[in-house]
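In my numbering, the protein residues as written are 61 to 192.
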């Protein structure tokens, strides 16, 4: 049974995050993949994000989202979001985009190459349209 924990969120995104999860779950089930892990969504400040980025990616700067896959097979992990990196007026929209980005990384969708970036962006945009 999957559970999603959202820590330190003052936005009304619970319903959209659950819809996003259902969309990812449908795709994973079609691909014959399991979905029963726990997902934590954790909101941190720039200093904390910088420490995580330095420790795990060797980048000495903050980033907007980091995803840590704890169990690829069961879709379990942690998504860290730095809301202080937001430069948009619509914090809810910005945050939803970061959550989608994190979920896609947990579903093994990356952007290391141009081809992966195009595929990831198409999937990201389609999910955003469906749930917003």
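Note that beta-carbon positions come from the ideal geometry of N, C-alpha and C, so glycine has one too.
All values derive from a computational prediction rather than experimental measurement.
Excluding the five sequence neighbours on either side, which residues of its own chain have a C-beta within less than 7 angstroms of the C-beta of residue i, listed in chain order?
| i | result |
| --- | --- |
| residue 113 | 119, 121, 122, 123 and 126 |
| residue 155 | 71, 73, 141 and 143 |
| residue 132 | 168 |
| residue 173 | none |
Is the separation between the beta-carbon of residue i and that of residue j shorter than 8 angstroms?
| i | j | result |
| --- | --- | --- |
| residue 191 | residue 79 | yes |
| residue 94 | residue 134 | yes |
| residue 176 | residue 170 | yes |
| residue 136 | residue 99 | yes |
With residue i and residue j assumed to form a contact (beta carbons below 8 angstroms), what rounded beta-carbon distance in angstroms separates them?
| i | j | result |
| --- | --- | --- |
| residue 145 | residue 106 | 7 angstroms |
| residue 162 | residue 139 | 3 angstroms |
| residue 188 | residue 157 | 6 angstroms |
If you drop the 5 nearest sequence neighbours on each side, which residues of the same chain put their C-beta closer than 6 angstroms to that of residue i?
| i | result |
| --- | --- |
| residue 165 | 127 |
| residue 150 | none |
| residue 130 | 136 and 137 |
| residue 88 | 95 |
Give the list of continuous alpha helix (DSSP H) stretches no shorter than 4 residues that lie fully inside the stretch 98-146. 106-117
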